[in-house]
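Those sequence lines, one after another, are chains A and B. Read in order, the letters of the first sequence are residues 29 to 183 in our numbering. Read in order, the letters of the second sequence are residues 22 to 767 in our numbering. Here a beta-carbon is modelled for each residue, glycine too, at the ideal position from N, C-alpha and C. Working notes, beginning with the structure itself.
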Amino acid sequence: MELKRILLVEDSSRDIELILAALAENSLANEVIVTRDGAEALDYLYRRGIYRLRREGHPGVVLLDLKLPKVDGLEVLAKLKSDPELKAIPVVVLTSSREEKDLVNSYNLNTNAYVVKPVDFHEFVEAIKELGLFWAVVNQPPPGALPPVRPVTQE
Amino acid sequence: MGLKTSPWLKTYTVPLICVAVALLLTFPLRSLLQATIFAFFYAAVAITAWSGGMIAGLISIGLATIVIKYFFIPPVYSLEMASFGGIVQIGSFILVAVLINFLSSELRTAKERLEKNLHKTRQSEERFRLALSNPSIALFHQDLDLRYQWIYNPQGLNLSEDILGKTDNDLFPAAEAETLLISKRQVIESGIFARQEVRLTVNGRQKWYDLSIEPLKQGKQIVGIGCAAFDITERKQAEVALRESQELFECFMQYSPVTAFIKDESGKYVYVNPLIEKSFGRSRNEWLGKTDFDFFPAAAAQQWRDNDLQVLMEGEIRQAIEIVPLEDGEHYYISLKFPLQNSAGKRLMAGMSMDITEQKRAEAALRESEARFRHLADTAPVMIWMSDPSKLCNYFNKAWLDFTGRTMEQELGNGWVENIHAEDLQRCLHIYTSSFDARQEFKIEYRLRRFDGEYRWVFDRGIPRFTPDGEFLGFIGSCIDIDDRKQAEDRIRHLNEELEFRVRKRTEQLQATNKELEAFSYSVSHDLRAPLRHINGFVDLLQKRVGTSPALDQTSRHYLKTISDTTKEAGKLVDDLLSFSRMGRTEMRLTTLDLYQLLQEVQRDMQQDLNGRNIDWQIDPLPIVQADPTMMRLVLRNLVENAVKYTRPRSQAIIQINSTSTEDETIVCVRDNGVGFDMQYVNKLFGVFQRLHRNEQFEGTGIGLANVQRIIHRHGGNVWVQAELDRGAAFYFSLPKTPISEVRWN
């Protein structure tokens, strides 16, 4: 099995820390690219701004928070899924919101999954683990994805 | 002619006797007689007597005697009688001359009589001929064998030569001939005259004859019959025609629906038809020859008699309504009477009458009904109008006239139009004419000018009128003054508009508030959960980090655990609060829902919580309702969870779930035998975060029942509870059978 690159879009540093901790617990943290708002995430995907010089290729999965500064998660999702180049990239909405409105909107914009961050840390870790394992390891990304970081072995 | 028996006596005997007497006389007197001397005188006497009669003869004899004496008997030229011879001569002359005179005058008389008789016979013959010249009469003789011997006027039959010698059998069809022969033979046998009417086929035509048959006798011997046949065909035909006409008339009268009668000038009935017999229960014979005065009260009879007399006097047809007293009361008859003359020239009065009592009564009823309608219409508090099929108004009731202050004449036709407000007139006329043409009911509101000049709103409803046969009669309409109502309506409309404006304002405010609330909840959802999650996460990481290190004492570990538990509780609180908020906001999706099935699913979900519990579930069948499945699941789950939770101290928990139903709602009850509560705190029960038990006793956030109430209220139902401390609680909720439109913000 190979670990694909994970693009994490999250403004909260605490959440980033916890997510990375959760991923690290399962040896999934190495190739996580963290962007702090929607604009930065789009820059990464389109290789603009500070990511102008990055290697070609797409992440294996995007973990997307909805409540983001500048360009919010739904905007990112809409942009991504309407671009023929990018729409094949799997997107998992990872949010605190249980709002039906957000759920409906996300799926209308063709998100591949929607995960609510549990308050309980154990549950949180469990959720992140399953998420990381499935999307970064089990799932075969579409052609054009960045090459895998390194082979992983499941526990 | 009396000498018919001895003609030879006269011819032979009288000359002999006369010559012998002359010889006897002449012989003794031959010396005295110079017979030849008087010869011319004898001739003179004979001629005189032949031409002048007896008296002339006698005069001639006298003159001749004087002349003979004077000139030829001596003494000549004297009238003196001197000799016996002269006397004898004179005497014999006178005797002979008187004889000649007598014979001559007798001869003359006989001749005259003969001539007279002859004349009479000729006259009689002429008369007879004239009489028989009528072609209708046929005379004939037949012999004993009944063969025709003689016929006069053979009635267009073949020439008499072809008839003579033949019998009736040769001339007529067998049946007719037989009838004739029988009658004729009877006459021959009996010798008695007979007369009868017979029908014969003559030249192919049916003819009737009046036949007289007389025996022909010679001496006492019957030698045949003499017949006279008189053609009576026309009379017969007239008789038949008359009879047929009579029968036709009788038949006609038999079924006549009107009574018919004929009276003479004195009022006596000459004819009554069967309907009269029937109507009055008297036979024709009782009527005939009687007058009305014989049957009816004098007043009635006089009434009719007056009419009859008028007809007779004026000689014209007359129609009259007559009252006839019958057993069941007075009847009205319409009578048509007219003068008539019978064949004898007698003046008669004929009449036909029809019982029109029913019509009369119907008319009276109609008049009464009409009067009642007028009365009703005029006393009604509504204004009433009527129009004819040509759209023109022909009636307005008193209320209308009082309202407009105008007269009927002013309003009739199209006059009413003048009262309509100018702005309403076009609309009014359009609705009126189009409804009229379509013959459809209409309703209009328009302004009508009152007597004081003020225009008042009226409501006018027009309905087409039809006869029972469906003939269109026009419209009838009724109007009421709705001005006050109209003004009230205006006020109400104004108030409504104002109210609506306020509601709109309030709604806008509410919507703004809702937006804020939504934003708030959204914010809470993200921002309140995040720090809790973070605390929890880092505490957990910390615990792991120090887990094996002896650096942390027991108390520190307890603190860390408390921090962790508290954040979890806070997280649950936030989640419950969000769910409560969501229950108020998310859209309801009503579907047909089997509550029993839903309850079973809820029980399955709770299976884990029921481990180690001894619960007696008493569940009755539950109804099918119209509700949102997610929400109802939450309701049932909350109620059942509560029941399970608060029966925890019971070794034997009993949870009963059942339902009742009224006409318009379904009521579900969840009852437990748990710890219950004091009803004085019942008002806190359904409030958010309101709890009646300490958390250490029974965990919970105080959101569950608030959610139940919110959901049931949104469904248009109610929630209530009955409980007693330590004796259990019963939670009820009701759902309307007809789902109400959602009450969203409660």
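| Query | Result |
| --- | --- |
| Under the three-state DSSP convention, the category Met627 of chain B falls into | coil |
| Val524 of chain B classed as buried or exposed, judged by whether at least 16 other C-beta atoms fall within 10 angstroms | exposed |
| Closest by C-alpha distance to Val143 of chain A, when choosing among A:Val62, A:Glu84, A:Asp93 and A:Arg76 | A:Asp93 |
| Through-space distance from Val567 of chain B to Arg606 of chain B, alpha-carbon basis | 45 Å |
| Below-8 Å beta-carbon distance, Gly568 of chain B vs any chain A residue | no |
| Helix, strand or coil at Met609 of chain B according to DSSP, with G and I counted as helix | coil |
| Local Cβ density within 10 Å of Lys132 of chain B, reported as buried at 16 or more and exposed below that | exposed |
| is_contact[Trp766 of chain B, chain A] using C-beta, thresh 8 Å | Residue placement at Trp766 of chain B cannot be trusted, given a pLDDT of 43 that sits under 50; what the coordinates show is reported in the next sentence. Closer than 8 Å: no. |
| For Thr69 of chain B, the first and last residue of its enclosing alpha helix (DSSP H) | Ala60 to Gly73 |
| Interface positions of the segment 546-559 of chain B facing chain A (Cβ-Cβ less than 7 Å), listed along the chain | Ser546, His547, Arg550, Ala551, Leu553, Arg554, His555, Asn557 and Gly558 |
| Residue closest to Trp325 of chain B, alpha-carbon to alpha-carbon, out of B:Gln508, B:Glu335, B:Glu337 and B:Ile342 | B:Ile342 |
| Own chain partners of Lys507 of chain B with C-beta closer than 7 Å, once the 5 adjacent residues on each side are dropped | Trp478 |
| Buried versus exposed, by CB contacts within 10 Å (16 or more), His579 of chain B | exposed |
| 7 Å Cβ cut-off: residues of chain A touching Leu599 of chain B | Arg126 |
| Ile117 of chain A in three-state terms, based on DSSP | coil |
| Beta-bridge partners of Phe493 of chain B, as assigned by DSSP | B:Phe487 |
| Contacting residues, own chain, Cβ-Cβ under 7 Å from Lys25 of chain B (five flanking each side not counted) | Note that Lys25 of chain B has pLDDT 48, beneath the 50 cutoff, so the model's placement of it is unreliable and no number is given. |
| Any C-beta of chain A under 8 Å from that of Thr651 of chain B | no |
| Own chain, CB closer than 8 Å to Asn133 of chain A, minus 5 neighbours either side, in chain order | Leu102 |
| Residue environment, Met334 of chain B, which counts as buried when at least 16 other CB atoms sit within 10 Å | exposed |
| Where Lys145 of chain A meets chain B, residues with beta-carbon distance less than 7 Å | Arg554 |
| Other residues of its chain near Ser40 of chain A: CB distance less than 6 Å, five sequence neighbours each side excluded | none |
| Rounded separation between Leu422 of chain B and Arg468 of chain B - CA only | 16 Å |
| C-beta atoms of Ile121 of chain B and Ala67 of chain B nearer than 8 Å | yes |
| Contact list for His150 of chain A against chain B, beta-carbon separation under 8 Å | Asp561 |
| Proximity test, Cβ basis, 8 Å: Lys589 of chain B and chain A | yes |
| Selected residue, minimal CA-CA separation from Ser233 of chain B, among B:Gln239, B:Ile115, B:Ile209 and B:Gln242 | B:Ile209 |
| Three-state secondary structure (DSSP) of Gly350 of chain B | strand |
| Same chain only: Cβ atoms within 7 Å of Arg460 of chain B, ignoring 5 sequence neighbours per side | Pro485 and Phe493 |
| Cβ neighbours of Ala69 of chain A in the same chain (closer than 6 Å, five flanking residues each side left out) | Val37, Thr63 and Val104 |
| CB contact check: Leu46 of chain A to chain B, cutoff 8 Å | yes |
| Reduced DSSP secondary structure (H/G/I, E/B, other) of His86 of chain A | strand |
| DSSP-derived helix/strand/coil call for Met102 of chain B | coil |
| Own chain, CB closer than 7 Å to Cys449 of chain B, minus 5 neighbours either side, in chain order | Ile441, Ile465 and Tyr467 |
| Sequence-distant residues of its chain with Cβ nearer than 8 Å to Leu37 of chain B (five each side left out) | none |
| Per DSSP, the bridge partner or partners of Asn679 of chain B | B:Cys690 |
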